[in-house]
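Going down the list, the sequences are from chains A and B.
Count along the first sequence from 1, add 193, and you get the number used in our numbering.
Count along the second sequence from 1, add 12, and you get the number used in our numbering.
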Amino acid sequence: MSLVARQIEEAGIPTVVIGSARDIVEECGVTRFVFTDLPLGNPMGPPENSDAQNHTLRLALSLLESADNPRTTVQSPIRWPTEEWRDSYMLVDSQNRAALLAEGEARRRAKAAH
Amino acid sequence: MADRQIRSANRRAVSYIDKSREFYAAQGYEAPYQWAVHDDAPFQPPKAPLTRARIGVVTTAFPVNSSKPKRVLAAKANPAPQAMYTADLSWHKQATHTNDVASFLPLQALRLATEAGTVGATSHRFYCLPTRYSQRATLEDGAKIVDWCKEDRVDAVILVPL
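Laid out in structure tokens, this is it:
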């Protein structure tokens, strides 16, 4: 998605990315970025929270007008009610390590048989 | 555990590049995914004030009844869809859900901003970009979206990956 933001910007149309994977977007390098520090899935704001979602849009619109340099990031103040999601996404620990390896092996076998 | 408490207390952005590298390594994949890296970025200042601008939206979600495999597409923005297909995308399925389309697709919010006069208009179509694991393939899809944005006379684009 960030690559396409660059492509649209290069074509002469200003862009702003709204997203929750800060490192992926910033490594790729986009012109304007609103970072919402929320679990992946709801970059505009938590479900059923239209105030937060409208706020995120306002941040993006104002960044479109105010940024005077590429690679400008604005961080939204919106927070998720708990912090546990930061660790639980794509978790690898001693309890699931064997199961993850088995999953990967099953997928590779299925692919080789295909 | 102590390490985890410290990380939460310091509250800094999750590194999805590190997480996915560790996760796929644990699944036995040897070559880590190569994320795009650039030092620079293009810059196009807006040509018109927002109050006169037509805004387009790009999402990684797809209309519920899209054909498989997914292909880059333009869909009608009005009325905003009540549901979108997201099950095949990587998002935090234990922590949240995507039943509220407005939590990842700002069409409703843009309609309000248009009614309030903050922005000029919303493009009559929004654009769906499939997640593909080849930069070349993604850029082919991107070229199509650039064409559609020009056709639809879009003045600025908001891109919202899940």
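We put the beta carbon where it would ideally sit given N, CA and C, even for glycine.
Remember, it's a predicted structure, so these values are computed and weren't measured experimentally.
Problem - Among B/Thr130, B/Pro91, B/Ala92, B/Ala73, the one whose alpha carbon lies nearest that of B/Leu85 - result: When each option's Cα is compared against that of B/Leu85, the closest is B/Ala73.
Exercise for the section: Go to B/Ala86, then tell me how far its beta strand (DSSP E) extends in each direction, as first and last residue. Expected result: According to the DSSP assignment, B/Ala86 belongs to the beta strand (DSSP E) that extends over 85 to 88.
Problem - Cβ-Cβ distance between A/Thr249 and A/Thr224 below 8 Å - result: 8 Å or more divides the Cβ of A/Thr249 from the Cβ of A/Thr224.
Exercise for the section: Would you list the residues sitting across from A/Cys221 in a DSSP beta bridge? Expected result: Beta-bridge pairing links A/Cys221 to no other residue.
Practice task
Kindly list the residues whose CB is nearer than 8 Å to the CB of B/Asn111, restricted to its own chain and excluding five residues on each side of it in sequence; keep chain order.
Solution key: Same-chain partners within the cutoff: Ala95.
Handout entry: Short CB-CB distance (under 8 Å) between A/Ser281 and chain B
Key = Yes, A/Ser281 lies at the interface with chain B (some Cβ there is under 8 Å from its Cβ).
Practice task
Thinking B/Ala114 and A/Gln246 are a contact (beta carbons under 8 Å), I'd like their distance in whole angstroms, please.
Solution key: Correct: roughly 5 Å between the Cβ atoms.
Exercise for the section: Report yes or no: is there a C-beta of chain B within less than 8 Å of the C-beta of A/Arg199? Expected result: Judged by the 8 Å Cβ criterion, A/Arg199 is in contact with chain B.
Problem - Straight-line gap, B/Met13 to B/Thr126 (C-alpha atoms, nearest Å) - result: At B/Met13, the pLDDT of 43 sits below 50, so the modelled position is not reliable; the number obtained from the coordinates is stated separately. Going by the C-alpha atoms only, they are around 48 Å apart.
Problem - Between the CA atoms of B/Val26 and B/Ile18 - distance to the nearest angstrom - result: A caution first: B/Ile18 carries a pLDDT of 47, below 50, which makes its placement in the model unreliable, though a value can still be read off. Using only the alpha carbons, I get a separation of about 13 Å.
Handout entry: Chain-ordered neighbours of B/Lys88 on chain A, where CB pairs are closer than 9 Å
Key = Result: empty, since nearest Cβ-Cβ is about 20 Å, beyond 9 Å.
Problem - Endpoints, alpha helix (DSSP H) assigned at A/Ala245 - result: That run of the alpha helix (DSSP H) goes 243 to 259.
Handout entry: Cβ pair A/Ser269, A/Leu252 closer than 8 Å
Key = Closer than 8 Å, so yes.
Exercise for the section: Rounded to whole angstroms, what's the CA-CA distance from A/Ala303 to B/Ala60? Just pull it up for me. Expected result: Between A/Ala303 and B/Ala60, the C-alpha separation is close to 53 Å.
Problem - Minimum Cβ-Cβ distance from A/Asp244 to chain B less than 8 Å - result: Output row for A/Asp244: interface = no.
Practice task
Return the chain-ordered list of same chain residues with a C-beta closer than 8 Å to the C-beta of B/Arg123, the five sequence neighbours on each side being excluded.
Solution key: Listed in chain order, the non-local C-beta contacts of B/Arg123 below 8 Å within the same chain comprise Asn90, Ala92, Thr134, local neighbours out to five positions each way being set aside.
Problem - Contact set between the region 53 to 66 of chain B and chain D, restricted to residues whose Cβ is under 9 Å from the partner - result: Any reference to chain D falls outside this structure, whose protein chains are A and B.
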